[in-house]
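Asker:
Residue numbers (the working numbering): 217 to 283.
Structure (C-alpha cells):
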C-alpha cells in the first residue's frame with residue numbers, strides 16, 4: 217500500500233481521464249484512433265504514466281493555440 221505522501225506513477229483509465237479532465241469515453245476513442253496518450257497494460261487493465269498524460273495534454277493544448 218502507498219504511503220499518503222507518495223503519488224502513483226501510473227493511473228488506470230478512469231483516473232487518467234479525470235487527471236486530463238476528459239471523459240473516459242473520449243480517452244477510449246482517442247486510444248482507438250491512435251490519438252491518445254501512450255498506454256501500457258498491467259495484466260488486462262490499461263494504465264497511463266502520469267508523465268505521458270502531462271505530455272499528451274500539453275501537446276493537445278499547443279495544437280489548439282498554434283492556429
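The C-beta atom is built at its ideal place from N, Cα and C for all residues, glycine as well. The model shown is predicted, which means the values in this text are computed figures rather than measured ones.
1) Identify, in the order they occur along the chain, each residue of the same chain with its Cβ nearer than 8 Å to the Cβ of residue 233, setting aside the five sequence neighbours on each side.
2) Express the C-alpha separation of residue 253 and residue 269 in angstroms, rounding to a whole number.
3) Taking all protein chains shown into account, decide if residue 277 is buried (16 or more other Cβ within 10 angstroms of its Cβ) or exposed.
4) So residue 255 packs on residue 264, CB below 8 Å; how close in whole Å?
5) What number of angstroms, rounded off, separates the C-alpha of residue 262 from the C-alpha of residue 228?
Answerer: On the basis of the coordinates in this document:
1) 239, 240, 242, 243
2) 6 Å
3) exposed
4) 6 Å
5) 6 Å
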